[in-house]
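Novice: Before we start, here is the structure in question, set down as structure tokens.
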Amino acid sequence: MDSRLNQSWWALKLSFGVVPIVAGLDKFFNLLTDWEQYLSPLVARIIPASTFLHGVGIIEIAAGLLVLSKLTRVGAYLVSAWLVGIALNLLTTGKYFDIAVRDLVMAVGAFTLARLSEVRAPASARERPRTEALKPAHGHV
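Numbering-wise, the sequence shown is residues 1 to 141 according to UniProt numbering.
Structure below.
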């Protein structure tokens with residue numbers, strides 16, 4: 001892979017690995033912000049906010065760890081979908097539209113990391129082209 005793409009892949013991998021872990025941990029400590037303010041009133045009516053946010057934190061930590069592991073592609077798709085879910089949650093609050101848009105843009109970045117991970121994967125891990133599968137082995141016909 002071109003070194004410029006490799007550098008971009010690493011920048012995305014570290015960003016989408018570390019940031020969800022930090023945000024997930026903060027769901028337990030509220031040092032960065034009061035996360036309850038971003039919770040949809042629809043969700044808050046169904047489940048206690050702290051319980052929901054602790055669950056969110058666990059999922060965010062797991063997603064970040066997946067991105068940082070050898071399962072970067074899987075983790076990046078999870079982070080991308082998760083960010084879309086967060087944006088939808090923010091839209092239902094009736095405010096924080098600017099943050100929802102930023103989360104959607106970050107979701108595109110996480111999706112890009114997943115796609116780059118597919119290209120970056122060793123050839124043996126990718127699906128072989130159909131024409132290779134039809135070739136006779138060891139020159140036998």
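Note that the Cβ used here is the ideal one computed from N, Cα and C, for glycine as well. All of these numbers come straight from a predicted model, not from anything done at the bench.
1) Provide the residue span of the alpha helix (DSSP H) that contains Leu31, from first to last.
2) Report the three-state DSSP secondary structure of Pro20 (helix, strand or coil).
3) Could you give the DSSP three-state label for Thr72: helix, strand or coil?
4) Go ahead and label Ala63 buried or exposed: buried means 16 or more other beta carbons lie within 10 angstroms of its beta carbon, across all protein chains shown.
5) For Leu66 versus Leu78, is the C-beta spacing smaller than 8 Å?
6) Please state the DSSP three-state secondary structure of Ser8.
7) Please list the terminal residues of the continuous alpha helix (DSSP H) segment that includes Thr93.
8) In or out: Arg4 buried (at least 16 other Cβ within 10 Å) or exposed?
9) Report yes or no: do three or more beta-carbon pairs, one from the segment 51–61 and one from the segment 104–118, lie closer than 8 Å?
10) Considering only residues of the same chain and omitting the five flanking positions on each side of Phe111, which have a CB-CB separation below 8 Å?
11) Taking all protein chains shown into account, do 16 or more other C-beta atoms lie within 10 angstroms of the C-beta of Pro20, making it buried, or fewer, making it exposed?
Specialist: To lay it out plainly:
1) That residue, Leu31, is in no alpha helix (DSSP H); it is neither H nor E in DSSP.
2) If DSSP states are grouped into helix, strand and coil, Pro20 belongs with the helices.
3) helix
4) Looking at its Cβ environment, which holds 16 or more other Cβ atoms inside 10 Å, Ala63 is buried.
5) Going by C-beta atoms, Leu66 is nearer than 8 Å to Leu78.
6) It is helical.
7) Segment: none, Thr93 is in no alpha helix (DSSP H) and carries neither H nor E.
8) exposed
9) no
10) Ala76, Tyr77, Ser80
11) In the assembly as shown, Pro20 is a buried residue. Its beta-carbon has 16 or more other beta-carbons within 10 Å.
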